[in-house]
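Undergrad: Before I ask anything, let me first share the structure, which is written out below as structure tokens.
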């Protein structure tokens, strides 16, 4: 369900490739389709639980009656309402997945090593050759280099090997009828019905993730309506079966998010021993020239290019792991998926598909694995000591990392914002305890 926004040098695609002419026109209809917009991002990040009630079959049936009326008001045809919406089935497993919160944190090493694999790089390189003509046309039109599209495709669906297997109308109707995020999923449900109304896909072929993300590039319905294109000229925007449609749609989406055609996503860099780690963090964006003054170099120890662009510095594994400069396209990737880990993985996968080597500095694999309750305790302890993390939520986000860095600085430690065993011990958290 990640969708395809935020990815960069190696994302812009998570979906497909095939052959095709390059008609650029989007799907045409006798009447313009009204698009109900949601936030510009195909992924949906769960919020804290708001309800524990699981709706019954009777409640779901009544809810479908309500949504059928809403769909009619929104202009959905009676045929689509009767054949798709009224036949939707309650899927309580979808509700459980939406409410599920991860029990433990995931280290950058674990996340990265599971996603940027030799097999995925090799397959991406093979697809780069196989679909060279198609990818070249797409890049010329949308400005997104092929390795990025392949990186998105690889991360989202492993190059189309798994789209999800849940009927999209079932999952969206179930989530729209659930109280936790009803408004968001109601919009997506109506938009899914609009896609069916347009004839882009048959109702029984519209399958996706539990959250309703669809096809090679895992678009939510709202993103589909705004960004999907008919690139193979068959008068359908088919992100399930048409590689040209899927890859071009991913590129179109990235272009709409502000992809900079001539820029990288970022790069791995080398830091001096004296580097002031409080300068790290996505919000601290400054010209490359300023990073050069601080002693930042390319990972191979050669000078950074004298480019007129801004960048942020990230150390996802702390000072003992790799460091990265993140450019504007990194932020584009994060509008696809709001995860720094994901954006780095996209960029690195794209680079390696294009021929670059692996990370020069591997991330340490012995990072503490924290339970959600331990993270909340960590946040509460930092707040109590005057280092603001916001309301404890059990998530090691940028605010918590910043607070950890300030605490480390006060303690005379390297202020990299990383919750090392030493930091945790000082805050009363023993990760070695069975």
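Numbering (this note's numbering), first residue to last: 87 to 520.
The C-beta atom is built at its ideal place from N, Cα and C for all residues, glycine as well.
1. Between residue 227 and residue 297, what straight-line distance do the alpha-carbon atoms span, to the nearest angstrom?
2. Short of 8 Å in beta carbon distance, which residues of its chain neighbour residue 414, apart from the five on each side in sequence? Order them along the chain.
3. Quick one: grab the DSSP three-state call for residue 512.
4. Could you compute how far the alpha carbon of residue 262 sits from the alpha carbon of residue 144?
5. What is the rounded straight-line gap between the Cα of residue 312 and the Cα of residue 149?
6. Exposed or buried, which one is residue 308 when buried takes at least 16 other CB atoms within 10 Å?
7. Quick check: the stretch 282-301 against the stretch 324-334, are at least 3 beta-carbon pairs closer than 8 Å?
8. Please report the straight-line C-alpha distance between residue 183 and residue 177, rounded to a whole angstrom.
9. If I measure Cβ to Cβ from residue 427 and keep anything under 8 Å in the same chain, skipping five residues before and after, which residues do I get?
10. Run the CB neighbour count on residue 548, radius 10 Å, all protein chains shown included, and call it buried at 16 or more, exposed below.
11. Whole angstroms is fine: what's the gap from residue 385's alpha carbon to residue 338's?
12. Starting from residue 371, trace the beta strand (DSSP E) in both directions and tell me its first and last residue.
13. Between 204, 251 and 432, which lies nearest to residue 233 when the distance is taken from Cα to Cα?
14. Would the stretch 466-480 count as touching the stretch 434-453 if we require 3 or more Cβ pairs under 8 Å?
15. Would DSSP call residue 420 helix, strand or coil?
16. Does the distance from the C-beta atom of residue 292 to that of residue 282 stay below 8 Å?
17. How about residue 310 and residue 355: are their beta carbons less than 8 Å apart?
18. Note down, in chain order, each residue of its chain lying with its Cβ closer than 7 Å to the Cβ of residue 364, except the 5 sequence neighbours on either side.
19. Can you give me the Cβ contacts of residue 113 inside the same chain, cut-off strictly under 7 Å, excluding the 5 residues immediately before and after it?
20. Whole alpha helix (DSSP H) runs in the stretch 217-268 with 4 or more residues, listed along the chain?
21. Compute the distance between the beta-carbons of residue 412 and residue 482, then report whether it is under 8 Å.
22. Is the shortest distance between the beta-carbon of residue 306 and the beta-carbons of chain C less than 8 Å?
23. Nearest to residue 362 by CA position, among 387, 405, 142 and 352, is which residue?
24. Could you give the DSSP three-state label for residue 292: helix, strand or coil?
25. Out of 236, 252 and 335, which has the shortest C-alpha to C-alpha gap to residue 245?
26. So the beta strand (DSSP E) residue 355 belongs to, where does it begin and stop?
27. Which one or two residues does DSSP pair with residue 300 in a beta bridge?
28. Looking at the structure shown, is residue 410 part of a helix, part of a strand, or coil, going by DSSP?
29. Locate the beta strand (DSSP E) running through residue 397, then write down its first and last residues.
30. For the alpha helix (DSSP H) containing residue 426, list its first residue and its last residue.
31. Take residue 469 as the anchor and find which of 454, 457, 485 and 456 has the nearest alpha-carbon.
32. For the alpha helix (DSSP H) holding residue 179, just list the boundary residues, first then last.
33. If we require 3 or more residues per run, which beta strand (DSSP E) segments fall completely within the stretch 192-219?
34. Grab the span of the alpha helix (DSSP H) containing residue 341 for me, first residue to last.
35. Where do the ends of the alpha helix (DSSP H) carrying residue 468 lie?
36. Mapping the DSSP letters down to three states, classify residue 383 as helix, strand or coil.
TA: Once the coordinates are examined:
1. 31 Å
2. 344, 346, 349, 395 and 396
3. helix
4. 15 Å
5. 27 Å
6. buried
7. yes
8. 10 Å
9. 192, 194, 197, 198 and 402
10. Because the chain in this structure spans residues 87 to 520, residue 548 falls outside the shown range and cannot be described.
11. 32 Å
12. 367-373
13. 432
14. no
15. helix
16. yes
17. no
18. 491, 495 and 501
19. Any reading at residue 113 must be qualified, since the residue scores a pLDDT of 34, below 50, and its modelled position is unreliable; no value is offered.
20. 218-228, 232-243 and 254-263
21. no
22. Absence of chain C from the displayed structure is noted, only one protein chain being present.
23. 405
24. coil
25. 236
26. 352-356
27. 294 and 305
28. strand
29. 396-400
30. 426-439
31. 485
32. 178-185
33. none
34. 329-342
35. 458-470
36. strand
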